[in-house]
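Undergrad: Quick note: the sequence shown, position 9, residue 15 per the numbering used here, numbers continuous.
Take this structure first; my questions come after.
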Amino acid sequence: MNRDQKAAVIEEVAGQIKESEAVFAIDYRGISVPQAATLRERLEEADATLRVVKNTLTELAADQAGAEGLKELLEGPTAFTFVRGDAALAAKVIATFRRENQVLEFKGGTMDGAALSIDQIEAIAKLPSQQVLQGQLVGVLASPVTGLVRGLHQLIQGLASQLGQIADQGLVSGEAPAAAEAPAAETEEAPAAETEEAPAAETEEAPPAEDAPSGDSGNAPTEEDTAAAEEASGDAPAEDIETAAPLQG
């Protein structure tokens with residue numbers, strides 16, 4: 007590999023470091039070529055890339071990308087896994103492959119520029135993938151809405167059932183119930199009864215006309231009436247007394 011080729015590899019690796027969400031350093035001793043090919047295929051499905059580069063070139067690439075922490079992991083045979091997608095899924099792929107083939111060991115790595123220890127990568131490998139977490143989140147968010155819709159549906163069904171039972175019993179019709187009409191009729195008749203009784207009350211309260219004369223009650227007594235009254239009482243008029251006096255002398 008000449009100088010230009012080395013420069014191209016350094017630039018390419020530096021670009022992969024910058025574009026990756028996470029970088030895992032792996033000790034690949036004991037892995038065969040067919041096994042390495044299988045691992046690369048599985049990592050590609052997880053949007054990750056496995057790459058083996060000489061440590062000297064990788065150090066230069068780390069310097070160019072500003073990832074000084076990766077240089078500390080370059081001891082012995084080291085392969086880098088550049089993760090562009092789900093870090094948990096990529097770590098799970100490597101952990102599963104290691105369990106099946108008894109090869110590969112995590113050496114450390116970085117995520118979003120922060121250093122990762124071996125234990126942290128192992129913990130990440132045990133996490134659910136982003137797809138699973140998103141599905142769980144959607145289920146949690148949809149659960150209250152589903153419960154609400156189910157509850158409303160049951161409420162509507164119950165109301166419809168009750169209305170149907172009421173209709174079957176003949177309690178629902180277009181006419182007002184008889185019990186409701188009775189108070190209205192009583193209310194309408196009440197004013198008429200009060201109107202009829204009002205004149206009677208006024209007649210009873212009027213004082214009796216005790217002093218009214220036997221004649222026309224509306225006219226004052228005449229002179230003839232007065233004279234008749236005097237004759238009936240036995241008193242003679244004044245003119246008759248004066249005439250009788252000389253006869254006695």
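All C-beta atoms in this analysis are idealised placements derived from N, C-alpha and C, irrespective of residue type, glycine included.
In the DSSP assignment, find the alpha helix (DSSP H) that holds L45 and state where it starts and stops.
TA: As a working mapping, residue 45 is identified with position 39 in the sequence shown. Per DSSP, L45 belongs to the alpha helix (DSSP H) from V39 to E51.
Undergrad: Alpha carbon to alpha carbon, how far is A94 from T102?
TA: Position 88 of the sequence shown, counted from the start, is the residue given in the question as residue 94. Position 96 of the sequence shown, counted from the start, is the residue given in the question as residue 102. Using only the alpha carbons, I get a separation of about 12 Å.
Undergrad: Considering only the alpha carbon of each residue, which of R90, D10, N61 and F88 lies closest to L79?
TA: As a working mapping, residue 79 is identified with position 73 in the sequence shown. Taking only the C-alpha atoms, the option nearest L79 is N61.
Undergrad: Are F86 and V29 closer than 7 Å when you measure CB to CB?
TA: By 1-based counting over the sequence shown, the position of residue 86 is 80. By 1-based counting over the sequence shown, the position of residue 29 is 23. Result yes, Cβ atoms of F86 and V29 sit closer than 7 Å.
Undergrad: What three-state label does DSSP hand T55 in the structure shown?
TA: Here the question's residue 55 lines up with position 49 in the sequence shown. Strand at T55.
Undergrad: Would you call I23 buried or exposed, if buried means 16 or more other Cβ atoms sit within 10 Å of its Cβ?
TA: Indexing the sequence shown from 1 puts residue 23 at position 17. Result: buried.
Undergrad: Name the DSSP bridge partner or partners of T87?
TA: What you label residue 87 is simply residue 81 of the sequence shown in a count that begins at 1. Paired residues: F30 and L56.
Undergrad: Near E17, which residues of its chain fall below 6 Å by C-beta distance, leaving aside the five closest residues on each side in sequence?
TA: Counting from 1 along the sequence shown, the entry for residue 17 is found at position 11. So the list is empty, once near-sequence residues are dropped.
Undergrad: For T116, write down the residues that DSSP places opposite it in a beta bridge.
TA: In the sequence shown, counting from the first residue as 1, residue 116 sits at position 110. T116 is bridged to V29 and A121.
Undergrad: Between G91, G21 and L133, which lies nearest to G72 when the distance is taken from Cα to Cα?
TA: Residue mapping note: residue 72 aligns to position 66 of the sequence shown, counting from 1. Minimum Cα distance to G72 is reached at G21.
Undergrad: Return the chain-ordered list of same chain residues with a C-beta closer than 8 Å to the C-beta of L63, the five sequence neighbours on each side being excluded.
TA: On the sequence shown, residue 63 is found 57 positions in, with the first residue counted as 1. Hits under 8 Å: K12, V15, I16 and V19.
Undergrad: Please name the residue, chosen from D174, A97 and Y34, that lies closest to L49 on a Cα-to-Cα basis.
TA: In the sequence shown, residue 49 corresponds to position 43, counting from 1. Of D174, A97 and Y34, the residue nearest in Cα terms is A97.
Undergrad: Mapping DSSP to helix, strand and coil, what is E111?
TA: Position 105 of the sequence shown holds residue 111. In the structure shown, E111 sits in a strand (DSSP, three-state: E or B).
Undergrad: Quick one: what does DSSP say E81 is sitting in, helix, strand or coil?
TA: Within the sequence shown, the letter at position 75 stands for residue 81. Correct three-state label for E81: coil.
Undergrad: Could you tell me how far apart the beta carbons of V109 and A52 are, in whole angstroms, since I believe they sit closer than 8 Å?
TA: Reading the sequence shown from its first residue, position 103 is the one you call residue 109. Reading the sequence shown from its first residue, position 46 is the one you call residue 52. The Cβ separation is near 18 Å, so there is no contact.
Undergrad: May I ask you to report which of helix, strand or coil DSSP gives A73?
TA: Locating residue 73 in the sequence shown gives position 67, where the first residue counts as 1. Coil at A73, not helix or strand.
Undergrad: By the three-class DSSP mapping on this structure, what secondary structure does N61 have?
TA: Counting from 1 along the sequence shown, the entry for residue 61 is found at position 55. In this structure, N61 counts as helix in the three-state DSSP scheme.
Undergrad: Using only alpha-carbon positions, find the residue among E65, Q163, E27 and D92 that is nearest to K132.
TA: Taking the sequence shown and counting its residues from 1, the one referred to as residue 132 is at position 126. The residue with the shortest Cα to Cα distance from K132 is D92.
Undergrad: Using the C-alpha atoms, what's the distance from R46 back to R35?
TA: Residue mapping note: residue 35 aligns to position 29 of the sequence shown, counting from 1. Residue mapping note: residue 46 aligns to position 40 of the sequence shown, counting from 1. Rounded to the nearest angstrom, the two C-alpha atoms are 16 Å apart.
Undergrad: Three-state secondary structure (DSSP) at G36?
TA: On the sequence shown, position 30 is the one that residue 36 refers to. Looking at G36 - three-state DSSP - the assignment turns out to be coil, as it is neither helix nor strand.
Undergrad: Under a Cβ-count criterion, where at least 16 other Cβ atoms within 10 Å of its own Cβ denotes burial, should V89 be classed as buried or exposed?
TA: As a first step, residue 89 is located in the sequence shown; it is residue number 83 there, counting from the start. That one is buried.
Undergrad: Helix or strand or just coil, what does DSSP make of D10?
TA: Reading the sequence shown from its first residue, position 4 is the one you call residue 10. Correct three-state label for D10: helix.
Undergrad: For L133, does the three-state DSSP call read helix, strand or coil?
TA: Looking up residue 133 in the sequence shown gives position 127. Coil.
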